[in-house]
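Everything below concerns the one structure shown next.
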Amino acid sequence: MASIEGLLGPEGDNKSRTLNPYVTGTSVIGIKYKDGILMAADMGGSYGSTLRYKSVERMKPIGKHSLLGASGEISDFQEILRYLDELILYDNMWDDGNSLGPKEIHNYLTRVMYNRRNKFNPLWNSLVLGGVKNGQKYLGTVSMLGVHFEDDHVATGFGNHLARPILRDEWKEDLSFEDGVKLLEKCMLVLLYRDRSAINKLQIAKITEEGVTISQPYSLKTFWGFSAFQDPTKGAQGSW
Amino acid sequence: MFRNQYDTDVTTWSPAGRLFQVEYAMEAVKQGSAAIGLRSKTHVVLASVNKANSELSSHQKKIFKVDDHIGVAIAGLTADGRVLSRYLRSECINYSFTYESPLPVGRLVVQLADKAQVCTQRSWKRPYGVGLLVAGLDESGAHLYYNCPSGNYFEYQAFAIGSRSQAAKTYLERKFETFTSSSREDLIKDALFAIKETLQGEKLTSSICTVAIVGVGEPFHIMDQKAIQELIELLEIKEEAPDQGAAMQEDRSPEAAPMEI
Numbered sequence: 004m005a006s007i008e009g010l011l012g013p014e015g016d017n018k019s020r021t022l023n024p025y026v027t028g029t030s031v032i033g034i035k036y037k038d039g040i041l042m043a044a045d046m047g048g049s050y051g052s053t054l055r056y057k058s059v060e061r062m063k064p065i066g067k068h069s070l071l072g073a074s075g076e077i078s079d080f081q082e083i084l085r086y087l088d089e090l091i092l093y094d095n096m097w098d099d100g101n102s103l104g105p106k107e108i109h110n111y112l113t114r115v116m117y118n119r120r121n122k123f124n125p126l127w128n129s130l131v132l133g134g135v136k137n138g139q140k141y142l143g144t145v146s147m148l149g150v151h152f153e154d155d156h157v158a159t160g161f162g163n164h165l166a167r168p169i170l171r172d173e174w175k176e177d178l179s180f181e182d183g184v185k186l187l188e189k190c191m192l193v194l195l196y197r198d199r200s201a202i203n204k205l206q207i208a209k210i211t212e213e214g215v216t217i218s219q220p221y222s223l224k225t226f227w228g229f230s231a232f233q234d235p236t237k238g239a240q241g242s243w
Numbered sequence: 077m078f079r080n081q082y083d084t085d086v087t088t089w090s091p092a093g094r095l096f097q098v099e100y101a102m103e104a105v106k107q108g109s110a111a112i113g114l115r116s117k118t119h120v121v122l123a124s125v126n127k128a129n130s131e132l133s134s135h136q137k138k139i140f141k142v143d144d145h146i147g148v149a150i151a152g153l154t155a156d157g158r159v160l161s162r163y164l165r166s167e168c169i170n171y172s173f174t175y176e177s178p179l180p181v182g183r184l185v186v187q188l189a190d191k192a193q194v195c196t197q198r199s200w201k202r203p204y205g206v207g208l209l210v211a212g213l214d215e216s217g218a219h220l221y222y223n224c225p226s227g228n229y230f231e232y233q234a235f236a237i238g239s240r241s242q243a244a245k246t247y248l249e250r251k252f253e254t255f256t257s258s259s260r261e262d263l264i265k266d267a268l269f270a271i272k273e274t275l276q277g278e279k280l281t282s283s284i285c286t287v288a289i290v291g292v293g294e295p296f297h298i299m300d301q302k303a304i305q306e307l308i309e310l311l312e313i314k315e316e317a318p319d320q321g322a323a324m325q326e327d328r329s330p331e332a333a334p335m336e337i
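For the protein sequence lines, the chains are A and B, in the order given. Residue numbers for the first sequence, in our numbering: 4 to 243. Residue numbers for the second sequence, in our numbering: 77 to 337.
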């Protein structure tokens, strides 16, 4: 026991590390499309299972070429944004025409996340990083443990189960902006119906060679008349 | 009797506003055997003269690979050069660990210059006695920098350092305007000619020179000695054969500064 305390070092007390998240955001979805990357996330911030906050911006531009979306602990996301602000500032201060692209930011985040998990004090997020630099589209994801990969479409949390099957069926390399938005909205609607933490106030962000634009918050048109919604326990026969 | 009172300490100014220890370090670069570098839009070539200390010994290495996209040639204290090469290597590897991309050459050079500068401002240190030609390729193209012990650094189209480097510089100054559009092969040839200038009559062989190259689609590497020897022989034949090459060059640039021969 003493040896484990020694391993954890001076931060050995559990009060100073994240053992579980408090205010969390739910899924983020990102896809490549013709001119760049599209990303969608709702604006909910859940306090446990209470839908406590309703206008949390979970997608932020990072430098000139990247866009970051986060699910999980909101305060940890804010800390990550502070790290990245410093990183981008330092990068700009060289003033030499070089700049960190999405690939570099993605790798940096991977290192940060894995480093924190090695200190048994993870940043409790799943991140989606998208960007365009020199005509090269980039889309990847990092988990709270530092697990990372790139793909044509990615999602975090529930999105992995509910949105990615749709994306695997319907995503194409040369989606137009309009079709990309439609596809994301279709995914977000399914998430809204089936993910109890999702709320009907979302943003869609776009990044192209020209830069980042994040939409104003808006709602999706819902239809609750499906028979499965009428009697939701009908198909679920339990022992209780 | 009239000993210089202002050169025993790195950080002491002379009344004339000079730092003698730093100047002595700059002299150390001139004592070392020559190294040259030149670049086109896509490639940078480094070359050095390898002088063995005695008949019985081998020569010391003067060109070091730092990373796939960066290499250095040194003149001056080889031991200091190796220390700095190791520093450059570790900076490169740390950058690619964090960002999974190569460190921009200009940034590495600034870090190196800052490191050298600190040594000119600490009483318990001494300046590095080595000059480095840093060749590299990055997003913004091919680059050639010269870092000196004083902490200054400069970007060049072509440059030469070390003993008798003036002769090579004169050669490079006469031809550098064509380098930008030079082919890889022409760049290597010019590197060999520039090295030859520093030998002042001594025969150029592959055993007394090292050539390295980095460029688009070509990671930094020291060139094969046999290939260099073949190139040298090819160039010698051309030179000895009707003096056309030299005559034509003079025709092409009549406005070039006259040289003392």
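Ideal placement from N, C-alpha and C gives every residue a C-beta, glycine not left out.
Mapping the DSSP letters down to three states, classify A/D38 as helix, strand or coil.
Start at 1 with the first residue of the first sequence, and residue 38 of chain A comes out as number 35. Three-state DSSP puts A/D38 in coil, outside helix and strand.
Since B/T286 and B/N126 are thought to touch, with beta carbons under 8 Å apart, how far apart are those beta carbons, to the nearest angstrom?
Reading the second sequence from its first residue, position 210 is the one you call residue 286 of chain B. Reading the second sequence from its first residue, position 50 is the one you call residue 126 of chain B. The pair is a contact, with the Cβ atoms about 6 Å apart (cut-off 8 Å).
Between the Cα of A/H156 and those of A/K237, A/K37 and A/Q240, spot the shortest distance and give me the residue it belongs to.
In the first sequence, the residue the question calls residue 156 of chain A occupies position 153. Residue A/K37 is the option with its Cα nearest to A/H156.
Beta-carbon neighbours of A/R114, restricted to chain B and to distances below 8 Å
As a first step, residue 114 of chain A must be located in the first sequence, where it is residue number 111. Chain B residues near A/R114: F173 and T174.
Tell me the DSSP secondary structure of A/L223 in three-state form.
Translated into the one-based positions of the first sequence, residue 223 of chain A becomes position 220. DSSP places A/L223 in coil when its eight states are reduced to three.
Rounded Cβ spacing between B/A149 and B/L209 (contact assumed at less than 8 Å):
If you number the second sequence from 1, residue 149 of chain B lands on position 73. If you number the second sequence from 1, residue 209 of chain B lands on position 133. Indeed they touch by this definition, with Cβ atoms about 4 Å apart.
Proximal chain A residues relative to B/G182, where beta-carbon distance stays under 9 Å:
The residue given as residue 182 of chain B occupies position 106 in the second sequence. The answer, in chain order, is W97, D99, G100 and N101.
Where does B/L132 sit, in a helix, a strand or coil, going by DSSP?
Taking the first residue of the second sequence as 1, we reach residue 132 of chain B at position 56. Assignment of B/L132 by DSSP, reduced to helix, strand and coil, places it in the coil class.
Taking the Cβ atom as the reference point for each residue, do B/A189 and B/G227 lie within a distance shorter than 8 Å?
For the purposes of this step, residue 189 of chain B is taken as residue 113 along the second sequence, with counting starting at 1. For the purposes of this step, residue 227 of chain B is taken as residue 151 along the second sequence, with counting starting at 1. Yes; because the gap between Cβ atoms is below 8 Å, this pair is in contact.
Listed from N- to C-terminal order along the chain, which residues in the segment 209-226 of chain B have their beta-carbon within a distance smaller than 9 Å of any beta-carbon of chain A?
D214, E215 and S216
Specify the secondary structure class of B/D143 as computed by DSSP and reduced to three states.
Walking along the second sequence from the start, residue 143 of chain B turns up at place 67. In the structure shown, the three-state DSSP call for B/D143 is strand.
Rounded C-alpha distance that separates B/K106 from B/P225
As a first step, residue 106 of chain B is located in the second sequence; it is residue number 30 there, counting from the start. As a first step, residue 225 of chain B is located in the second sequence; it is residue number 149 there, counting from the start. Going from the Cα of B/K106 to the Cα of B/P225 covers about 11 Å.
Against chain B: residues of the segment 83-97 of chain A by CB proximity under 8 Å
W97
Quick one: grab the DSSP three-state call for B/H297.
Locating residue 297 of chain B in the second sequence gives position 221, counting from the first residue. B/H297: strand per DSSP, three-state reduction.
Give the straight-line distance between the Cα atoms of A/V145 and B/H219, rounded to the nearest whole angstrom.
The residue you call residue 145 of chain A lines up with position 142 of the first sequence. The residue you call residue 219 of chain B lines up with position 143 of the second sequence. Those two C-alpha atoms are separated by around 35 Å.
Paired residues, beta bridge with A/Q139 - DSSP
Numbered from its first residue, the first sequence carries residue 139 of chain A at position 136. According to DSSP, which records beta bridges pairwise, A/Q139 is partnered with A/K136.
Could you give the C-beta distance for B/H135 and B/P178, rounded to a whole number, given that I count them as a contact under 8 Å?
Position 59 of the second sequence, counted from the start, is the residue given in the question as residue 135 of chain B. Position 102 of the second sequence, counted from the start, is the residue given in the question as residue 178 of chain B. Not confirmed; about 30 Å, so no contact.
Contacts of A/G107 in chain B (Cβ-Cβ under 9 Å):
The residue labelled residue 107 of chain A in the question sits at position 104 within the first sequence. For the record, residue 107 of chain A in the displayed sequence is Glu; it is not Gly. T174, Y175, E176 and S177, listed in chain order.
Tell me whether the beta-carbon of B/Y232 lies closer than 8 Å to the beta-carbon of B/Y222.
Residue numbering aside, residue 232 of chain B sits at position 156 when the second sequence is read from its first letter. Residue numbering aside, residue 222 of chain B sits at position 146 when the second sequence is read from its first letter. Between B/Y232 and B/Y222, the CB-CB gap stays under 8 Å.
Can you tell me which of the three DSSP states B/G182 falls into?
Translated into the one-based positions of the second sequence, residue 182 of chain B becomes position 106. B/G182 falls in the helix class under three-state DSSP.
Spell out a yes or no on whether the segment 77-97 of chain A and the segment 115-133 of chain A are touching, meaning 3 or more CB-CB pairs, one atom from each, closer than 8 Å.
yes
I'd like the ranges of any alpha helix (DSSP H) spanning at least 4 consecutive residues and lying wholly in the segment 183-262 of chain B.
Scanning the segment 183-262 of chain B from its first residue to its last, the whole alpha helix (DSSP H) runs of 4-plus residues come out as 241-255.
Could you check the C-alpha separation between B/G113 and B/W200 for me, to the nearest Å?
Along the second sequence, one-based indexing puts residue 113 of chain B at 37. Along the second sequence, one-based indexing puts residue 200 of chain B at 124. Cα to Cα, the separation comes out at about 33 Å.
Check whether the Cβ of A/N163 lies closer than 8 Å to any Cβ atom in chain B.
Mapped onto the first sequence, residue 163 of chain A falls at position 160. No, A/N163 does not count as interfacial toward chain B.
I'd like the list of long-range same chain contacts for B/A270, defined as Cβ closer than 6 Å, with 5 residues on each side in sequence excluded.
Here residue 270 of chain B corresponds to residue number 194 of the second sequence, with the count starting at 1. If we look at B/A270 and ignore the five residues flanking it on each side, its Cβ neighbours are I112, A244, Y247 and L248.
Let me know the secondary structure DSSP gives B/V161 once reduced to three states.
Reading the second sequence from its first residue, position 85 is the one you call residue 161 of chain B. A small fix is needed here, since residue 161 of chain B is Ser in this sequence, not Val. Helix, per DSSP.
From what residue to what residue does the alpha helix (DSSP H) around A/S230 run?
As a position in the first sequence, residue 230 of chain A is number 227, starting the count at 1. Run containing A/S230: S230 to Q233, per the alpha helix (DSSP H) assignment.
Alpha carbon to alpha carbon, how far is B/R183 from A/S58?
The residue labelled residue 183 of chain B in the question sits at position 107 within the second sequence. The residue labelled residue 58 of chain A in the question sits at position 55 within the first sequence. Distance between the alpha carbons of B/R183 and A/S58: 41 Å.
Where do the N-terminal and C-terminal ends of the beta strand (DSSP E) with A/R61 fall, by residue?
Translated into the one-based positions of the first sequence, residue 61 of chain A becomes position 58. Here A/R61 belongs to no beta strand (DSSP E), and DSSP marks it neither H nor E.
In whole angstroms, what separates the C-alpha of B/Y100 from that of B/E176?
On the second sequence, residue 100 of chain B is found 24 positions in, with the first residue counted as 1. On the second sequence, residue 176 of chain B is found 100 positions in, with the first residue counted as 1. If I take the Cα positions, the gap works out to 40 Å.
Tell me where the alpha helix (DSSP H) around A/I108 begins and ends.
Indexing the first sequence from 1 puts residue 108 of chain A at position 105. Segment P105 to N121, the alpha helix (DSSP H) holding A/I108.
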